Structure formats: C-alpha cells, structure tokens
Amino acid sequence: MEEIIVHGKGREKRWVLKKDQKVAGLYTYQPQEETLTGNIYFAKVVKVQKGLGAAFVDIGYDKNGYLHEKDFPQNVAAYQSGEAALPISKCVHEGQKILVQVTKDAVGTKGPKLSAVIELKGEHLVYMPEGHYVAVSKKLDDDVRRELKRTGREWKDESEGVVFRTKASSAGKEALVEELDGLRKNFQRLESMSRRKKAPSLLFKEDPFLKDLQVQLEKGAGGRVYVDDQESFHQLQDWIVTHHDKKWSIELYQGKENIFRHFEVSSVWKNALKKVVWLDSGAFLLVESTEALTVIDVNSGKFTGKDDLEQTVLKTNVSAAKEIAKQLVLRNISGIILIDFIDMKRESHRQEVVATFQRALQDDSQRTTVLGFTELGVLELTRKRSRPSLNDYLTVPCPVCSGTGRVISPESKAFQLERELWEYQGSDLEEIHIEGTKEVLDVFAGIGHTHVQRLEKALKVKLDLQVSEHPHPFYQIGKMR
C-alpha cells in the first residue's frame, strides 16, 4: 500500500510519497521557479555557434535556450536512415523563428536545453509531428513490441514519429487511433497559434504539480491519497473517476493541523538537505554536491560488524547502496555522480554492490546509467536531469561561505586585520576603533595583548578593541580619531 500526502493550500505546493510506511519521494513546486520542461515555445534563434554545433534560442526566459544540431527533425531522419547528419548551419540560421520544446531546465549558468523535435504526450503514446521513427516501451514482450511497431508504421505519415508507452498494450486499436488523432489536432492548434503570435511566445505549458501527481497515480501500486485543499482534491478525484482507477481512494483532509505534521512527515524535508545521512548499522553517507557533479562518500562510522573485515565492508557497502538509491530519488540528484564506497578487494563484492544498487533503482522514473568502478575504486554513474535538485530548489548559496560550506578561520581574519592596519603606518591618526568577534580579537591581540601593544608602538596609533556578536569570524574598522 502507498500513501500520497498532498499540501496544495499555499503558493508553494508539495507532496510526499510513502511506500510501506517509509518516505519514497519528496516533490516541491514553487510559483517563481516552476519547471520549464515540456513547455513548447514559438522562439527566435539569436546565435548559431558552428564550433559547438548548436544554436542559442530566445524563448522569453532570462537565459537563452541551447539547441544542439542533433535535436533537429532533419537530423533525426538522418540518424534513422543511416545518412550523415547536417551541420547546425544547414539546420537553422540567425533570426529564424521556430517551434522548440524544453527538455531540461536551466542549471547554474547554463540555459534550458531545447529540442526542435516536438513531443506531445498522451496516456498510451507520444506523438512527434516530425519524429520520423516508431518506438515501443522496452517493458513489453518482444511479440507485443513487434506488433505495435508494425501498427505504428501503418498509422503514421512518413515524417511523423510515435512512441508507444507501456499502457498501449492494454488499449484497443480504436482507443489508440483516437488518441493519435487527438494529439495531431493539438499540434495543429499549436501551429495555428504560432502564426498569430510574435516570437518569443509560450504556446503550451503543463501544470507540473498536477501532472506529476497523475503520473504517480498511474504507475503506483495503489493506496490512499490525502489532500488538504478543495481544488486539488476535485482535480485528482476527477482523474481517478475518468481513468476508472479503483486502486486509489482519495480523502479531503480538513484538520486544523498542517497536513504534513498530522501525518508525521514534516521533518523529512529538512533531513533531505543534510550532508550526513546515517544508516541503521551506524555507518553514514556524506553527500557533497557542486554544479558539475555530486560526490557521495561511504564511511563505516560506528559499524564494526561481527564478521571479518571484508564481510564488514561488504555489508556496509550493500546497506549504503540501498540508501544512496533512495537519496538520489528523494533529493532528485542528477548529472554526474561519483560514489566512493569503502574499498573492496574482491571483484565479486563489487559486483554484488552494483547489483544491489541497480535493484534499488528499479522504481526510479529517471534513467540512471551505471558506468562501473574506476581504477580508484569509485563507482561512476549518471542520472538524467529533468529539473533542479531539491537542494538547488529549496536553498541558495550561503552569502558568507559562497556555498563552499566553509568560512575564513579566526586566525586568518586576525592576520587580515593586521595587514589592513599596516596601511595606516605614518598617518596622522591617534586612535582606531576596531570591532570584532572575541575569537578574532583574541588572536589579533596575542597572549597578554603583547602583539597589539607591539603594533601600536610600530604604527604610533592607539587601537581600541571592542568585542561584538556575529555568526561567523568577523571584524570591522570603525571610527578613527
């Protein structure tokens, strides 16, 4: 049984997925930072970079989108036929107005990633007006996949593309044809809209909050949904009725207490942002993320085990692999990921850890590619990035440490103060007022104030030190006389 707990009252909407009484997913949607993924724009090409094989496209966002030459319909057709791909200069030119779809949100300094191959998603299939190929979910049996591929080739025009989803196997042909025709009409409406608008303009946008909830209802095992606002309750209830989905029941929560506090999941958000994750065995994970990659370090901690050292290491790493898979989903960590497991001497132990990790990721909707252990014994993998991580979504870099997690030490601050004061040597000043934290001023003054006395003598200036409270090592030079 699963539980979905939905907080839809505020401007920031959140929901929690629980499986077997354990939190399995955290989802946050802020109005000012909604995902652009899936949005379709009538856009304008502002720059073509031949060296990068890409174009930069204005979609009306604060950063131009990035459109690679491989994501143009003509090159998709070329890849399917085995022909040589066209260079970016043959695909598009500066000033051209085109339809594009966001495939990946902006990350850091990088703008959103775009595709000129538009995808319109239905319940059973995905329609691409210029996709040029037919594909079928790999979760289906080979015979079913072959039949659906044959059917798709019969239905589609030469330039069109169709991807059959897993649910297509249980739908009748009439339902599939009806859905395909409906998606074709949707695209025709988008084209018609683009002819009446100026570039850049937004043509299509999904509500990611409602969409992700519906996807979870569709693929989930079933259970109960608890919702705290009327609008979300009715939208989800209508979806359940429309899809005849009897595996889910839905309840409107009307208590005064916050719904997350009532269901005892309010603390999971804070825990998902911590760098240290403790395992039941006493071992722990250290999670460090940068813009380029995420590094996860496995430490044995308090876990010593009752067996020999190799078995202790194996048990720790197997336990860590399960938890890491969970944390990748909870925190929505993506991109390049390096996992530094405790060193294992046996190759069979490494294989067991990788197999455990891959099994634990089976229910993850995002594609993860495990590349294997490097020569240094670090497991290397990538996870598809579709939206910012929970850490990027909910936090900003610390203004003191600039996101490094470290601040200048009291000693360094004290020596910095000393260097700054030497600039007043030979001035006409009689006294300088200095305010700072106790630890900084103690280092600066020296034992028994011997250093500050020597500095006063050298500078021929009286130094007035005043202790102040501050959250980190700090000083400032104030009044001068």
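First residue of the sequence shown? That's 480 in the working numbering, and the numbers climb one at a time after it. Glycine included, each C-beta is placed from N, C-alpha and C at the ideal position. It should be emphasised that the depicted structure is a prediction, and the values quoted were computed from it without experimental measurement.
Please classify residue i as buried or exposed, where buried requires at least 16 other C-beta atoms within 10 Å of its C-beta.
i      : result
Leu593 : buried
Arg629 : exposed
Cys570 : buried
Arg864 : buried
Ile519 : buried
Arg490 : exposed
Glu548 : buried
His572 : exposed
Asn811 : buried
Ile698 : Just to set this straight, residue 698 is Lys in the shown sequence, not Ile. With fewer than 16 Cβ atoms within 10 Å of its Cβ, Lys698 is classed as exposed.
Lys824 : exposed
Rounded to the nearest angstrom, what separates residue i and residue j at their Cα positions?
i      : j      : result
His951 : Lys753 : 20 Å
Val797 : Glu789 : 12 Å
Tyr612 : Gln559 : 7 Å
Lys936 : Tyr903 : 13 Å
Phe836 : Ala804 : 6 Å
Arg663 : Gln528 : 33 Å
Lys600 : Glu802 : 32 Å
Thr853 : Glu859 : 7 Å
Lys617 : Glu826 : 30 Å
Gln714 : Trp727 : 14 Å
If you follow the beta strand (DSSP E) that residue i is part of, which residue opens it and which one closes it?
i      : result
Ser560 : Run containing Ser560: none in the beta strand (DSSP E); it sits in the alpha helix (DSSP H), Pro552 to Ser560.
Ile483 : Glu481 to His486
Ser768 : Phe763 to Ser768
Leu840 : Note, Leu840: premise wrong, no beta strand (DSSP E); not H, not E.
Phe643 : Gly640 to Phe643
Asn778 : Leu772 to Asn778
Arg862 : Leu858 to Arg862
Ile911 : Glu910 to Gly915
Arg663 : From DSSP, Arg663 is part of no beta strand (DSSP E) but of the alpha helix (DSSP H) over Lys652 to Arg675.
What residues are listed by DSSP as bridge partners for residue i?
i      : result
Asp537 : Lys523
Ser594 : Gln580
Lys497 : Glu482 and Val502
Thr630 : Beta-bridge pairing links Thr630 to no other residue.
Lys492 : Tyr508
Between the options, which has its C-alpha nearest residue i's C-alpha?
i      : options                           : result
Glu730 : Tyr705, Gly561 and Phe836         : Tyr705
Thr507 : Trp901, Val922 and Leu873         : Leu873
Ser606 : Gln667, Glu859 and Gly504         : First, the amino acid is wrong: residue 606 is Tyr here, not Ser. Of the listed residues, the one whose Cα sits closest to Tyr606 is Gln667.
Ile816 : Asp621, Asp776, Glu854 and Thr791 : Asp776
Ala556 : Val596, Lys542 and Gly587         : Val596
Leu793 : Val833, Lys917, Lys600 and Leu682 : Val833
Gln580 : Ser746, Glu481, Ser844 and Glu685 : Glu685
Ala534 : Tyr540, Leu546 and Lys523         : Leu546
Leu809 : Thr795, Asn870 and Lys542         : Asn870
Just checking residue i against the ligand GDP - is the residue's beta carbon closer than 8 Å to any of the ligand's heavy atoms?
i      : result
Lys690 : With respect to the ligand GDP, the structure shown offers nothing to examine, as it has no ligands at all.
Give the range of the alpha helix (DSSP H) segment to which residue i is assigned.
i      : result
Lys801 : Leu788 to Arg810
Ser891 : Pro889 to Leu900
Asn870 : Leu869 to Leu873
His930 : Thr929 to Leu938
Met607 : Met607 -> not in any alpha helix (DSSP H); beta strand (DSSP E) instead, spanning Leu604 to Met607.
Glu685 : Segment: none, Glu685 is in no alpha helix (DSSP H) and carries neither H nor E.
Arg740 : Ile738 to His741
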